[in-house]
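Q: Heads up: the sequence shown runs through residues 263 to 456, numbered per the numbering used here. Glycine included, C-beta positions come from ideal geometry on N, C-alpha and C.
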Amino acid sequence: AEQAARIGSKPRLREALFFYQKAIREDPEFADAMAAVARTATYVWRNDYDDVLPGPVARQLAYDMAGRASGLDPASAVPDAVLAILQVVDRRYDEAVASAKRAVELGSGDAAAFATLGFVLMFAGDHAGAAAAVEQALRLDPNPATSDRITAGLAFSLNGEHDRAVEVLERGHDVAAQLDDFHLALGIAYTRAG
Numbered sequence: 263a264e265q266a267a268r269i270g271s272k273p274r275l276r277e278a279l280f281f282y283q284k285a286i287r288e289d290p291e292f293a294d295a296m297a298a299v300a301r302t303a304t305y306v307w308r309n310d311y312d313d314v315l316p317g318p319v320a321r322q323l324a325y326d327m328a329g330r331a332s333g334l335d336p337a338s339a340v341p342d343a344v345l346a347i348l349q350v351v352d353r354r355y356d357e358a359v360a361s362a363k364r365a366v367e368l369g370s371g372d373a374a375a376f377a378t379l380g381f382v383l384m385f386a387g388d389h390a391g392a393a394a395a396v397e398q399a400l401r402l403d404p405n406p407a408t409s410d411r412i413t414a415g416l417a418f419s420l421n422g423e424h425d426r427a428v429e430v431l432e433r434g435h436d437v438a439a440q441l442d443d444f445h446l447a448l449g450i451a452y453t454r455a456g
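(1) Return the Cβ separation of Arg411 and Gly434 in integer angstroms, given the expectation that the two are a contact with Cβ distance under 8 angstroms.
(2) Could you check if Thr453 is buried or exposed, using at least 16 other CB atoms within 10 Å of its CB as the buried criterion?
(3) For Glu277, which of helix, strand or coil comes out of DSSP?
(4) Pop quiz: Ala303 and Ala285 are said to be a contact at Cβ under 8 angstroms. What is the actual Cβ separation, rounded to whole angstroms?
(5) Please report the Cβ distance between Leu279 and Tyr311, rounded to the nearest whole angstrom; I am assuming they are in contact, meaning their Cβ atoms lie under 8 angstroms.
(6) Just how far apart, CA to CA, sit Leu368 and Asp326?
(7) For the region 327-363, list the alpha helix (DSSP H) runs that are entirely contained and at least 4 residues long, ordered along the chain.
(8) Please report the straight-line C-alpha distance between Phe376 and Arg401, rounded to a whole angstrom.
(9) Is Ala331 near Ala365, with beta carbons less than 9 angstroms apart?
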């Protein structure tokens with residue numbers, strides 16, 4: 263499931279959700295699997311991948327699973343990171359920043375938490391903060407999930423670090439070549455780099 267989710271393509275996201283949910287059936291208190299369902303459903307929802315899960319279903323699943331995961335493992339960073347992304351999509355930026363910062367506090371070594379903070383700060387208009395957060399994410403995981411790589415590229419580009427944006431995105435080209443979002447981010451980075 264983790265391998266499939268990191269790729270980010272629609273067929274692989276369906277596969278990831280299937281395996282995460284299978285893990286939950288095997289262990290109904292597997293908080294990490296619930297958090298992973300929430301994270302994946304959030305990605306599906308924010309990208310309008312209705313053929314993977316209809317938007318309202320994905321949104322509700324993300325909220326439900328994040329809540330369940332948080333209840334089972336209050337020390338996990340993932341539920342707060344998921345909540346932060348959901349809050350960004352709902353345009354509740356102050357709440358999203360607070361949730362993302364809480365995720366980083368809980369998961370100081372969690373690259374995805376820092377990538378989420380970068381995503382949130384990017385939408386909140388703090389481009390320097392977003393670039394710093396994704397730089398830390400890349401230090402912790404030099405080969406991030408495709409969605410986190412796209413976030414890093416956009417954050418660097420918005421912060422005026424166009425060559426860094428191109429570099430980060432190009433390193434993920436082989437894995438993400440089939441994703442429109444990836445090509446859009448790379449096109450933005452190349453355009454802004456001149």
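A: A quick look at the data gives this:
(1) Confirmed, about 4 angstroms.
(2) Per the 10 Å Cβ criterion, exposed.
(3) Taken through DSSP and simplified to helix, strand or coil, Glu277 comes out as helix.
(4) The C-beta distance from Ala303 to Ala285 rounds to 15 angstroms, too long to fall under 8 angstroms, and the pair is not in contact.
(5) At roughly 11 angstroms, the Cβ-Cβ gap does not stay under 8 angstroms, so Leu279 and Tyr311 are not in contact.
(6) Approximately 20 angstroms, taken between the alpha carbons.
(7) With a minimum length of 4 residues, the continuous alpha helix (DSSP H) runs that stay inside the region 327-363 are 340-351.
(8) Using only the alpha carbons, I get a separation of about 10 angstroms.
(9) For Ala331 and Ala365, no; Cβs fall outside 9 angstroms.
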